[in-house]
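Asker:
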Amino acid sequence: SSTPEESKTSLHTKKGRAIKPLWAAIERGRPDCLFIYITHDLEFAEAHRESDKIWVRGYDGEKWRFEYIREDEGLPSDLELEIMGSRRPVIFVEGTHSSFDYQLYSLLYPQHQIVPCEHGCQQVIESVCAFRKSERLHRADVYGIIDRDRRSKEQISSLSKKGIYVLEVAEVENLFLLEDVMSIVAKQMGLPQSSVEETKQYIIGIKFKNQVDSLVADYFCGVMTDRLKGSAATRDVKQTADLIRKIADDAEQLRDDIDKRFRDVCQSNDYAEVLSLLNNKGVAKIVGKRFGLQNSSYIGSILRWAKSPDEIGNQFRQAFRKHLPSFQSDDFSS
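In the UniProt record's numbering, the protein residues as written are 1 to 334.
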């Protein structure tokens, strides 16, 4: 028998692509030999479809943990291996490693493994549900954080039971517009707290009230689109047609309800409600000048301050955490 162990400069590099056919040729030339490969390369292992596969799950210093991979299971994905190899709880978030979501949540949850999902909220939802049900993982400490967008209270409640937290603001950029956060920015820049109130009134008046008609239209369009997508999930054509007719019949009432909700917020000047309804990523990028910062650097400046190990960093982190879950249980509040 022969036990070739890959080197870090072979199977994990471009040269490795040439070595794989070489091993295949050697196997064909020596059918009398038993080959045992030790590899991190899932593609290489998957290519040996008729071979027995043993997954080395870990080593605690005394004992190795092995698991035989059944033919009907397939190999664990890179992401599964990453999560299974981590002892930390996992939080799936929207975006990429360069997104505000990932940067902020990595700061606020240092004891968790933050996994970005570049395909958005639906990928977060599907990932959390899949990994919680995975027989391989046997872990319930897998969570998700997604933007509120246009979700109803019923949808938010349903997602919370699955371990998925929905932000109290419409989108992650609005977290940087929280009054608590802006107050620390003003203090850091040596400005009076009146600058925070002026910025709030600017957002409420110019970015919400003055644009309420278009905001209502966008919100209505978004909800209708989600409902129509939901109706298409059934394979029964008649049932789908019935659902679409019901959605159409309810459209006028839905539009009226959305319009009333937005008008009520205009009347109340409730800043927290404004942030929960305001789907406009650009607002957080145009308030910097109100605090003596460049508009383009407002969010980046807050993230840099929040990374600081001194008191200012702690103040920012605490301000954000007041509006986010602890993930110590699945009983989230919206």
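Heads up, the beta-carbon is just placed ideally off N, CA and C, and yes, glycines get one too.
As the structure is a prediction and not an experimental result, all values here were calculated from the model.
Go to Phe66, then tell me how far its beta strand (DSSP E) extends in each direction, as first and last residue.
Answerer: Phe66 -> beta strand (DSSP E) spans 64-69.
Asker: Roughly how many angstroms lie between the CA atoms of Glu50 and Ile38, to the nearest whole one?
Answerer: If I take the Cα positions, the gap works out to 16 Å.
Asker: When you compare only the Cα positions, how much space is there between Asn280 and Asn269?
Answerer: Each residue's Cα considered, the two are about 18 Å apart.
Asker: Kindly confirm or deny that the region 200-218 and the region 248-266 touch, where touching means at least three C-beta pairs closer than 8 Å.
Answerer: Touching, yes.
Asker: Can you check whether the C-beta of Val93 is within less than 8 Å of a C-beta belonging to chain D?
Answerer: The chain labelled as chain D is not found in the depicted structure, where only one protein chain is given.
Asker: Can you list, in chain order, the stretches of the beta strand (DSSP E) that have 3 or more residues and sit fully within the region 140-198?
Answerer: Correct list: 142-146, 164-166.
Asker: So which of Asn174, Leu175, Thr199 has the shortest CA-CA distance to Ala186?
Answerer: Checking every option, the nearest Cα to that of Ala186 belongs to Thr199.
Asker: Pull the bridge partners of Gly58 from the DSSP assignment, please.
Answerer: Bridge partners of Gly58: Arg65.
Asker: Is Glu94 helix, strand or coil when you go by DSSP?
Answerer: Of the three classes helix, strand and coil, the one that applies to Glu94 here is strand, per DSSP.
Asker: From what residue to what residue does the alpha helix (DSSP H) around Cys121 run?
Answerer: Unbroken alpha helix (DSSP H) run through Cys121: 121-133.
Asker: Would you list the residues sitting across from Pro116 in a DSSP beta bridge?
Answerer: Note: Pro116 sits in a beta bridge opposite Val93.
Asker: How many Å lie between Thr234 and Lys307 at the Cα?
Answerer: About 47 Å.
Asker: My guess is that Cys117 and Val93 are in contact by the Cβ rule of under 8 Å, so how many angstroms apart are they, rounded?
Answerer: Going by Cβ atoms, the distance from Cys117 to Val93 rounds to 7 Å, so yes, they are a contact pair.
Asker: Under a Cβ-count criterion, where at least 16 other Cβ atoms within 10 Å of its own Cβ denotes burial, should Ser297 be classed as buried or exposed?
Answerer: Ser297 comes out exposed.
Asker: Going along the chain, which residues of its own chain have a beta-carbon closer than 7 Å to the beta-carbon of Leu324, five neighbours each way excluded?
Answerer: Cβ neighbours of Leu324 beyond the five flanking positions: Leu108.
Asker: With a 10 Å radius around its C-beta and 16 neighbouring C-beta atoms as the bar for buried, classify Gly144 as buried or exposed.
Answerer: With 16 or more other Cβ atoms within 10 Å, it is buried.
Asker: Name the DSSP beta bridge partners of Lys53, please?
Answerer: Per DSSP, Ile69.
Asker: If you pair each beta-carbon of the region 277-291 with each one of the region 170-183, do three or more pairs fall below 8 Å?
Answerer: With a cut-off of 8 Å, the region 170-183 and the region 277-291 count as touching, because enough Cβ pairs lie within range.
Asker: Would you say Leu191 and Phe316 are within 8 Å of each other, going by their C-beta atoms?
Answerer: Cβ atoms of Leu191 and Phe316: not closer than 8 Å.
Asker: If Asp163 sits next to Arg132, beta carbons under 8 Å apart, how far is it from one beta carbon to the other, in whole angstroms?
Answerer: According to the sequence as given, residue 163 is Gly; it is not Asp. Right, their Cβ atoms sit about 6 Å apart.
Asker: Are the Cβ atoms of Arg148 and Val166 separated by less than 8 Å?
Answerer: Cβ distance < 8 Å, so Arg148 and Val166 count as in contact.
Asker: Looking at C-alpha atoms only, which residue of Val274, Ser231, Ala251, Lys238 is the closest neighbour of Gln201?
Answerer: Closest option to Gln201, Cα to Cα, is Val274.
Asker: What distance in whole Å lies between the Cβ atoms of Leu254 and Phe208, which are believed to be in contact at a cut-off of 8 Å?
Answerer: Not really, about 21 Å apart at Cβ, beyond 8 Å.
Asker: Is Arg28 buried or exposed, if buried means 16 or more other CB atoms sit within 10 Å of its CB?
Answerer: By the neighbour-count rule (16 or more Cβ atoms within 10 Å), Arg28 is not buried but exposed.
Asker: State the DSSP-derived secondary structure class of Asp259, mapped to helix, strand or coil.
Answerer: Reduced to three states, the DSSP call for Asp259 is helix.
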